[in-house]
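Asker: Have a look at this one.
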Amino acid sequence: MFLEDKLRCWYYYYANTQKEPFPMKSPLEEVTHTDNIKLSDDGRSVVIIDQTLLPNRLEYIALTTREEMFEAIAMLRVRGAPAIGICAGYCAYCLALQAPHDSFDDFYDHWVEDCRYLNGSRPTAVNLSWALNRMLDAAEDHRDMPVEAVLSALKRECLAIHSEDMEMCRKISEYGLSLLHDGDGVLTHCNAGPLATSRYGTGQGPLFLARERGMDIRVFADETRPLLQGARLTSFELYNAGVDVTLICDSMASIVMKNGWVQCCMVGCDRVAANGDTANKIGTSGVAILAKHYGIPFYVLGPTSTIDMSCTTGEDINIELRDGEEIRSRFFAEPVALPDVKCYNPAFDVTDNSLISAIITEKGICRPPYSESLKKLFEDQPL
Ligand code: MRU
69 MFLEDKLRCW
79 YYYYANTQKE
89 PFPMKSPLEE
99 VTHTDNIKLS
109 DDGRSVVIID
119 QTLLPNRLEY
129 IALTTREEMF
139 EAIAMLRVRG
149 APAIGICAGY
159 CAYCLALQAP
169 HDSFDDFYDH
179 WVEDCRYLNG
189 SRPTAVNLSW
199 ALNRMLDAAE
209 DHRDMPVEAV
219 LSALKRECLA
229 IHSEDMEMCR
239 KISEYGLSLL
249 HDGDGVLTHC
259 NAGPLATSRY
269 GTGQGPLFLA
279 RERGMDIRVF
289 ADETRPLLQG
299 ARLTSFELYN
309 AGVDVTLICD
319 SMASIVMKNG
329 WVQCCMVGCD
339 RVAANGDTAN
349 KIGTSGVAIL
359 AKHYGIPFYV
369 LGPTSTIDMS
379 CTTGEDINIE
389 LRDGEEIRSR
399 FFAEPVALPD
409 VKCYNPAFDV
419 TDNSLISAII
429 TEKGICRPPY
439 SESLKKLFED
449 QPL
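Residue numbers (the working numbering): 69 to 451.
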């Protein structure tokens, strides 16, 4: 239910009965504490907000079969690296419920195949394989127990992935907020808010927290062509939360920086290599290059689950190529290009570590050289 409808119901009920029908969240809480991914009431399907319909329609869909799950991730109905990981955990659990339960080996062989299939839905965000591997490890740890016990362990694991993400986002947002000052202008790209995670977000988490703390922050949201996550999702979330947000086309980032309106850039990430090279939504590296030109700090925010120490540099990151139709016709009433014109549509680009002022994680703020500071994160050493 949209907030306006909810408010109308609330006031109507209160005016007639003088009783509160349900506790009302503040507009900010409505955004930061959204239930974007959850198990269905019967616990056998995954229920998600279909992000492709926003901001015009807020609709939940249930994913039950592995094909529905694959399609939802591939078509960006659920998207954003941490959200993909959370969703994959729940999907793996629901598929485990459908697998044969006669013996561990029968169960596992069938279910591993489902997990492999899901893992092929999107290649760049490491959180997908990270979450699926966590689920596989949880099952392996219980291989000597009855399949019922394995299923209980898998349920605990997917709920843990979700609740840990909430905790991580909160910490990332706190660390990110420590880099902001009252009156700052912040430029952001793509969507790394609550819809892309669990709560608050990563790249946009500090902006919601700033609002919660009464700070005066002004945000410029890149629309983020071709799938418009910035326009459809980021400006929707920030506006509804009462943050001062201005939507700009990607090509306008330079002028707002030149005008002196941007004091820092904050973005999320899909995979960070061991040397700090960072894959994020296409266009991010251009923003970082502009920021360097204008002497503006460029911050990447993300959980340690998005850091892939097995990738030595950004060269090792697999960049997803998507259908050219997304450029030619998606989100337009009529196509904006000829049907047969060639299109190149990479979904992500890699920002060179030399352009990144800091990488903000739930464990603290990493500074260059990243090959040292990121390593310390995983060795639990002080940064
Ligand atoms: O293709 P998308 O919409 O899944 O890309 C999302 C991004 O690039 C986000 O910035 C990233 O996943 C971080 S989300 C907290």
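Beta carbons: idealized from backbone N, C-alpha and C, even for Gly. For clarity, every value in this text was computed on a predicted model and none was experimentally measured.
1) Report the CB separation of Q297 from K349 in whole angstroms; it is logged as a contact under 8 Å.
2) What do you get for K431, buried or exposed, if any count of 16 or more other CB atoms within 10 angstroms of its CB means buried?
3) Any contact between the segment 229-245 and the segment 207-219? By contact I mean 3 or more CB pairs, one from each, below 8 Å.
4) Starting from T372 and walking both ways along the alpha helix (DSSP H), at which residues does that stretch end?
5) Mark M203 as exposed unless 16 or more other C-beta atoms lie within 10 angstroms of its C-beta, in which case mark it buried.
6) Thinking C-beta only, is A199 closer than 7 Å to G157?
7) Kindly provide the ranges of any beta strand (DSSP E) runs that are 3 or more residues long and lie completely inside the segment 306-359, ordered along the chain.
8) By the DSSP assignment, the beta strand (DSSP E) with V287 in it spans what residues?
9) Can you find the residues in the same chain that come closer than 7 Å, C-beta to C-beta, to V418, ignoring five residues on each side of it along the sequence?
10) Per DSSP, P168 is paired with what?
11) Grab the span of the beta strand (DSSP E) containing G432 for me, first residue to last.
12) Apart from the five residues on each side of it in sequence, which residues of its chain come closer than 8 Å, Cβ to Cβ, to L301?
13) Between H230 and I154, how many whole angstroms is the CB-CB distance? I'm expecting something under 8 Å.
14) So for A221, helix, strand or coil by DSSP?
15) Cβ of R147 versus every heavy atom of the ligand MRU: is any distance shorter than 6 Å?
16) Tell me the DSSP secondary structure of K106 in three-state form.
17) For A167, which of A207, L245, P150 has the nearest alpha-carbon?
Answerer: To lay it out plainly:
1) The residue labelled residue 297 in the question sits at position 229 within the sequence shown. The residue labelled residue 349 in the question sits at position 281 within the sequence shown. Contact flag correct, Cβ pair sits at about 7 Å.
2) On the sequence shown, residue 431 is found 363 positions in, with the first residue counted as 1. Buried, because 16 or more other Cβ atoms sit within 10 Å of the Cβ of K431.
3) no
4) Here the question's residue 372 lines up with position 304 in the sequence shown. T372 -> no alpha helix (DSSP H), and no H or E assigned at all.
5) Looking up residue 203 in the sequence shown gives position 135. The residue is buried, with at least 16 neighbouring Cβ atoms inside 10 Å.
6) Reading the sequence shown from its first residue, position 89 is the one you call residue 157. Reading the sequence shown from its first residue, position 131 is the one you call residue 199. Yes. Within cutoff.
7) 312-316, 332-335, 339-341, 346-349
8) In the sequence shown, residue 287 corresponds to position 219, counting from 1. First-last of the beta strand (DSSP E) with V287: 286-290.
9) Position 350 of the sequence shown, counted from the start, is the residue given in the question as residue 418. Contacts found: D345, T346, A347, S353, G382, I385.
10) If you number the sequence shown from 1, residue 168 lands on position 100. DSSP lists no partner for P168.
11) Stepping through the sequence shown from its first residue, residue 432 is reached at position 364. Element bounds for G432: 432-434.
12) To locate residue 301, count along the sequence shown from 1; it is residue 233. Cβ neighbours of L301 beyond the five flanking positions: Q119, L122, P123, N259, G261, L263, A264.
13) As a first step, residue 230 must be located in the sequence shown, where it is residue number 162. As a first step, residue 154 must be located in the sequence shown, where it is residue number 86. Going by Cβ atoms, the distance from H230 to I154 rounds to 5 Å, so yes, they are a contact pair.
14) On the sequence shown, residue 221 is found 153 positions in, with the first residue counted as 1. It is helical.
15) In the sequence shown, the residue the question calls residue 147 occupies position 79. Yes; taking the cut-off as 6 Å, the Cβ of R147 has a heavy atom of the ligand MRU nearer than that.
16) Translated into the one-based positions of the sequence shown, residue 106 becomes position 38. Of the three classes helix, strand and coil, the one that applies to K106 here is strand, per DSSP.
17) Along the sequence shown, one-based indexing puts residue 167 at 99. Ranking the options by Cα distance to A167, first place goes to A207.
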